[in-house]
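**Student:**
Residue numbers (this note's numbering), protein chains in the order written: chain A, 31 to 169; chain B, 24 to 131.
Listed below in structure tokens is the structure:
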């Protein structure tokens with residue numbers, strides 16, 4: 031028995047749910063959280079995205095330095111952003127399949143901020159309706 | 024790798040996260056939660072408040088960083104010299120696997 035915690039973009043919630051159904055996993059719990067990842071050490075990775083955002087954000091009222099500072103902090107991982115935390119309980123043998131499905135649904139071209147998947151061991155589970163425990167309680 | 028679940032006072036979260044970030048543990052997730060501890064909440068006059076707002080901070084860290092991170096959270100999240108009821112708790116659980124989606128490889 032494993033617990034899969036996947037932290038994904040808010041926008042990708044629908045796609046993640048669809049991917050889970052396609053992988054044969056219908057049950058999940060989702061919470062709205064705030065998250066941030068590792069700091070971007072190589073500025074090259076966010077360069078392309080930064081230029082794109084800067085070209086969108088500039089107008090006659092904004093000062094170049096301010097906008098750039100904001101966009102950089104937006105991309106380099108120093109600020110918290112809304113994310114969706116999925117918690118999925120799974121049998122051991124289904125874990126690789128679920129990870130693959132979630133990772134595929136959430137991969138974007140941005141290079142950073144796509145989320146993380148954690149796999150934790152679970153010692154027991156109980157279904158409230160029937161009282162059955164262990165592997166039978168998962169699905 | 025280890026998952027750290029730290030329940031701290033909401034007013035302490037910024038300080039805790041800033042300190043962890045400067046120490047090199049930038050990645051974190053936080054959720055606003057409500058809960059009570061073994062004091063069964065707070066009793067003020069005749070009212071009992073047993074859903075006290077706290078912030079739950081989730082972090083996955085390498086095994087060898089455990090002591091450092093825990094000591095850091097403890098020192099900042101504690102209020103007063105002796106500590107106060109309601110300062111929070113830290114839970115540590117094992118993590119089997121970690122995948123970073125954008126990199127497509129296992130690992131933090």
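Beta carbons: idealized from backbone N, C-alpha and C, even for Gly.
Mind checking whether residue 78(B) and residue 55(B) have CB atoms under 8 Å apart?
**Tutor:** Contact: yes.
**Student:** Sort 117(B), 84(B), 116(B) and 62(B) by Cα distance to residue 43(B) and report the nearest one.
**Tutor:** For the residues 117(B), 84(B), 116(B) and 62(B), the minimum Cα distance to residue 43(B) belongs to 84(B).
**Student:** Could you run through the region 109-120 of chain B and flag, in chain order, every residue whose CB is less than 8 Å away from some CB of chain A?
**Tutor:** Against chain A - using a Cβ distance shorter than 8 Å - the residues of the region 109-120 of chain B are 116, 117, 118, 119 and 120.
**Student:** Sort 58(A), 53(A) and 47(A) by Cα distance to residue 118(A) and report the nearest one.
**Tutor:** Residue 58(A) is the option with its Cα nearest to residue 118(A).
**Student:** In the structure shown, what three-state DSSP assignment does residue 46(B) receive?
**Tutor:** It is coil, neither helix nor strand.
**Student:** If we call anything under 8 Å between Cβ atoms a contact, is residue 168(A) one with residue 34(A)?
**Tutor:** Against a cut-off of 8 Å, the Cβ pair of residue 34(A) and residue 168(A) comes out as no contact.
**Student:** Is the beta carbon of residue 113(A) less than 8 Å from the beta carbon of residue 150(A)?
**Tutor:** No, the pair does not count as a contact, with Cβ atoms beyond the cut-off.
**Student:** Return helix, strand or coil for residue 59(A), following the three-state DSSP convention.
**Tutor:** In the structure shown, residue 59(A) sits in a strand (DSSP, three-state: E or B).
**Student:** Report the residue from 106(A), 153(A) and 78(A) whose alpha carbon sits nearest the alpha carbon of residue 120(A).
**Tutor:** If we check each option's Cα against that of residue 120(A), 153(A) comes out closest.
**Student:** For the region 135-143 of chain A and the region 39-49 of chain A, state whether three or more C-beta atom pairs, one from each stretch, are separated by less than 8 Å.
**Tutor:** Counting Cβ pairs under 8 Å, three or more are found: they touch.
**Student:** Mind checking who residue 53(B) pairs with in its DSSP beta bridge?
**Tutor:** BP columns for residue 53(B) point to 64(A) and 80(B).
**Student:** I need the straight-line Cα distance from residue 29(B) to residue 53(B), nearest angstrom please.
**Tutor:** For residue 29(B) and residue 53(B), the distance between alpha carbons rounds to 9 Å.
**Student:** In the DSSP assignment, find the alpha helix (DSSP H) that holds residue 38(A) and state where it starts and stops.
**Tutor:** Here residue 38(A) belongs to no alpha helix (DSSP H); instead the beta strand (DSSP E) covers 32-39.
**Student:** So what's residue 110(A) in DSSP terms, helix, strand or just coil?
**Tutor:** Residue state, collapsed to three classes: coil.
**Student:** Considering Cα atoms alone, identify which of 31(B), 70(B), 48(B) and 37(B) is closest to residue 57(B).
**Tutor:** Closest option to residue 57(B), Cα to Cα, is 31(B).
**Student:** Going along chain A in order, which residues have a C-beta closer than 9 Å to the C-beta of residue 58(B)?
**Tutor:** Under the 9 Å cutoff, chain A gives no residues; its nearest Cβ is about 15 Å from residue 58(B).
**Student:** In terms of DSSP beta bridges, what is residue 105(B) paired with?
**Tutor:** Answer by DSSP bridge pairing: none, since residue 105(B) is not bridged.
**Student:** Quick check on the DSSP output: the beta strand (DSSP E) that includes residue 13(B) runs from which residue to which?
**Tutor:** The first residue shown for chain B is 24 and the last is 131, placing residue 13(B) beyond what the model contains.
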